[in-house]
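Residue numbers for the sequence shown, in our numbering: 405 to 912.
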Amino acid sequence: MNDNLNANLYALFASRFPADRSACCIETHDGHYYSWDDLERASARIANLLASLGLEPGERVAVQVEKSPEALMLYLATIRAGLVYLPLNTAYRQSEIDYFLGDAEPAVVVCSPANFGWVAQSAFKSGTRHVFTLDELHNGRNSGSLLERAAHHPDQFQTVQRAGDDLAAILYTSGTTGRSKGAMLTHRNLASNAEVLHRFWHWQQDDVLLHALPLFHVHGLFVASHGALYSGSKMIFLPRFDSAQVMEYLGRSTVFMGVPTYYVRLLADPRFGREACRNMRLFISGSAPLLTETFTDFQSRTDMTILERYGMSETVMLTSNPYDGERRGGTVGVPLPGVSVRVVNAGGENCAVGDIGDIQVKGPNIFPGYWRMPEKTAEEFTADGYFKTGDVGRFDHDGYLSIVGRSKDLIISGGYNVYPKEIESVIDEMDGVAESAVIGVPHPDFGEAVNAVVVLKPGATLSESDVIQSLKARIANFKVPKRVHFVPELPRNTMGKVQKNVLRDRYA
Ligand code: MLC
Ligand code: AMP
405 MNDNLNANLY ALFASRFPAD RSACCIETHD GHYYSWDDLE RASARIANLL
455 ASLGLEPGER VAVQVEKSPE ALMLYLATIR AGLVYLPLNT AYRQSEIDYF
505 LGDAEPAVVV CSPANFGWVA QSAFKSGTRH VFTLDELHNG RNSGSLLERA
555 AHHPDQFQTV QRAGDDLAAI LYTSGTTGRS KGAMLTHRNL ASNAEVLHRF
605 WHWQQDDVLL HALPLFHVHG LFVASHGALY SGSKMIFLPR FDSAQVMEYL
655 GRSTVFMGVP TYYVRLLADP RFGREACRNM RLFISGSAPL LTETFTDFQS
705 RTDMTILERY GMSETVMLTS NPYDGERRGG TVGVPLPGVS VRVVNAGGEN
755 CAVGDIGDIQ VKGPNIFPGY WRMPEKTAEE FTADGYFKTG DVGRFDHDGY
805 LSIVGRSKDL IISGGYNVYP KEIESVIDEM DGVAESAVIG VPHPDFGEAV
855 NAVVVLKPGA TLSESDVIQS LKARIANFKV PKRVHFVPEL PRNTMGKVQK
905 NVLRDRYA
């Protein structure tokens, strides 16, 4: 990529939109159609509004809103205006939002009307200058929303000049110790991955992406939406994953992406099969391990093979099963072109084929570091510039990578990451709790479910539902343990470390 040209990611997308800008870009489940022209004009109006606020390039725009075409337009407008997009899961509660806003110090925060009061309070405490809702009505009124303000601005906007190394987005990913870290992603990181995936997955302009993922994580925003934007392909936007609704639209779609739970739920519907998939070209799975059973059930029900790929917030996509070659169940495929992936032993040497070791990666898609955490960043890279993923795997003789575990203490539930340490700290603060350990146990729907094992202080009478209710008020719902087990003491090894493997076996 030539940095003398504008390396702004939006400029790249715009150069690839269909020549016929009146073609449909997004169709929604409730029957609204948006053309490519609509997308360009609306993002220009919002970019003009953001520019009118006097923001400096690189300032952050934090967004916690429901999924909608307008949310995607806000994302594109932010990039277009040279600002940095910070998406936030709608499930996050006040203490989580307080932390993200305090750490990222965004200049602008956009939230839902229902949360406006407390989010605005939190935002202003962090020095945020502007808090908006997007466009949803509040008590029947729509005054002060970002879209209403943007409507008064011109529908043309000169995309701001950005270099490949300039930041485009920050995605918070929890830390194994301490609080969440903001993974900084540059225009080059995102552009290089969009280009590579476009070729690797054989995207065509006449593809139709059935988009059921949330827009606030890598999978829904940078893999799914970017794929369609870069290819000039239409998207059908569903507000959330619902298997019946997905089935309704599959006949008019060609590409679908999801976390393994989506495939488990589709397969649970007896109507899902060859006929439902007759128009489909490609099903992609990622964000969590796809069970071999799901992979083979899908094959026998549909005569199609799910393509599994592997990535993370810090790196976007790293490996993928091939489009034309063999898609091998239980593997995440081969390194994407331009991405270097190695498996190393404890001494940092490359493992032999078949041997298990730590997965390390390098390439134009790898993030430059964690927001305002130079020491943490340095710890996560090797001296020769490889990023330590925290995943453990092995290569086979044909160069296919399998992920066999994680060196990081992480639970992936329904495609969402949950860091035990964070939940343990909240449980340990509860009255009556002496200590706790949070583990992931196999779950038929979510892949892994969060479980807590709690030791009470003498005389305390906390129940399972007390712990769950108290956590629901404080942390995002998907992090709340599905079960709480009470024990007199936690199993420890001779070093005093809690033996989570013992607990995982006991509660599996
Ligand atoms: C919702 N709940 C979850 C959950 N999602 N619990 C555990 N894990 C989850 N993932 C809670 C709900 O709040 C509810 O709590 C209860 O579980 C049952 O809810 P549900 O109705 O079954 O949930 P639903 O709304 O259908 O959502 C499930 C889901 C959703 C799987 C559709 O979680 C989802 O879309 N996940 C995708 C996540 C994703 O996009 N990941 C990509 C990350 S990017 P209660 O208490 O009310 O009963 C990444 C990088 C990469 O990892 O490689 O892609
Ligand atoms: P996140 O931090 O949310 O971006 O999650 C990234 C993590 O998800 C990776 O480090 C892996 O542990 C996991 N992951 C992503 N894709 C896959 C996959 N196909 N198989 C197994 N794990 C995956």
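All C-beta atoms in this analysis are idealised placements derived from N, C-alpha and C, irrespective of residue type, glycine included.
Exposed or buried, what is residue i when buried is set at 16 or more other beta-carbons lying within 10 Å of its beta-carbon?
i, result
"K529", "exposed"
"H630", "buried"
"M899", "exposed"
"N543", "Because N543 carries a pLDDT of 48, less than 50, the predicted location of this residue cannot be relied on, and the following value inherits that uncertainty. N543 is exposed by the Cβ-count criterion."
"Q525", "exposed"
"K886", "exposed"
"S689", "buried"
"R675", "exposed"
"H606", "exposed"
"K471", "buried"
"L589", "buried"
"N897", "exposed"
"N905", "exposed"
"M405", "Only weak support exists for where M405 lies, its pLDDT of 46 falling under 50; the value from the coordinates is given anyway. So M405 counts as exposed."
"R464", "buried"
"H556", "exposed"
"L670", "buried"
"H534", "buried"
"P510", "buried"
"Q764", "buried"
"Q468", "buried"
"G751", "exposed"
"T793", "buried"
"E783", "exposed"
What span of residues does the alpha helix (DSSP H) with residue i cover, start to end?
i, result
"N597", "H591 to F604"
"A554", "L550 to A554"
"V622", "First-last for V622: undefined, no H or E at that position."
"L514", "Contrary to the premise, residue 514 reads as Val rather than Leu in this sequence. Element bounds for V514: not the alpha helix (DSSP H) but the beta strand (DSSP E), V512 to C515."
"S817", "Premise fails: S817 lies in the beta strand (DSSP E), I815 to S817, not in any alpha helix (DSSP H)."
"N905", "K904 to Y911"
"S704", "T696 to T706"
"P778", "P778 to E784"
"A632", "H630 to S635"
"F417", "L413 to A418"
Looking only at DSSP bridge pairs, what is residue i linked to?
i, result
"L805", "G737 and F799"
"S689", "G662 and E712"
"T723", "Y714 and P739"
"E431", "Y437 and I640"
"S840", "V858"
"T532", "Its beta-bridge partners do not exist; DSSP assigns none."
"D646", "DSSP lists no partner for D646."
"R810", "D795"
"V765", "V745 and F791"
"K585", "T577"
"V845", "A853"
"N754", "V748"
"H363", "A question about residue 363 goes unanswered here, because the residues of the chain that appear run from 405 up to 912."
"T537", "C515"
Rank the options by C-alpha distance to the C-alpha of residue i and give the top, closest one.
i, options, result
"L601", "G758, G624, M684 and P741", "P741"
"L619", "F604, R603 and L642", "L642"
"E679", "R669, G737 and L654", "L654"
"Q560", "S447, E509 and K638", "S447"
"F645", "F660, Y634, A632 and L633", "F660"
"G863", "S829, L490, K901 and D835", "D835"
"I913", "Y804, Q498 and A595", "The question about residue 913 has no answer here: the residues shown for the chain are numbered 405 through 912."
"A598", "A511, L722, K861 and L453", "L722"
"L875", "F890, T865 and A856", "A856"
"L538", "L478, F702, L670 and M716", "L478"
"T698", "G733, S691, R713 and P895", "G733"
"R603", "Y666, P558, D728 and V745", "D728"
"G851", "V830, V858 and L814", "L814"
"D762", "R685, F785 and K780", "F785"
"D569", "A475, E712, P768 and A648", "P768"
"F746", "A427, V884, R878 and D795", "Inspection of the sequence shows that residue 746 is occupied by Arg rather than by Phe. The shortest C-alpha separation from R746 is found at D795."
"D718", "I872, A572 and F536", "Correcting the residue identity first, residue 718 is Glu in this sequence and not Asp. The shortest Cα separation from E718 among I872, A572 and F536 belongs to A572."
"L711", "Y667, V720 and E753", "Y667"
"A692", "N749, A427 and G819", "G819"
Does the beta carbon of residue i come closer than 7 Å to any beta carbon on chain C?
i, result
"A853", "Included in the structure is just one protein chain, with no chain C present."
Does the beta-carbon of residue i, which I'm using as the reference point, lie nearer than 6 Å to any heavy atom of the ligand GDP?
i, result
"G737", "With respect to the ligand GDP, the structure offers nothing, as its ligand set consists of the ligand MLC and the ligand AMP."
State the start and end residues of the unbroken beta strand (DSSP E) segment that holds residue i.
i, result
"Q608", "No beta strand (DSSP E) holds Q608; DSSP gives it neither H nor E."
"Y820", "Y820 to V822"
Next on the checklist: Give the list of continuous alpha helix (DSSP H) stretches no shorter than 4 residues that lie fully inside the region 870–897.
Outcome noted: none
Uninterrupted beta strand (DSSP E) stretches inside the region 452–499 (no shorter than 3 residues): 464–468 and 488–491
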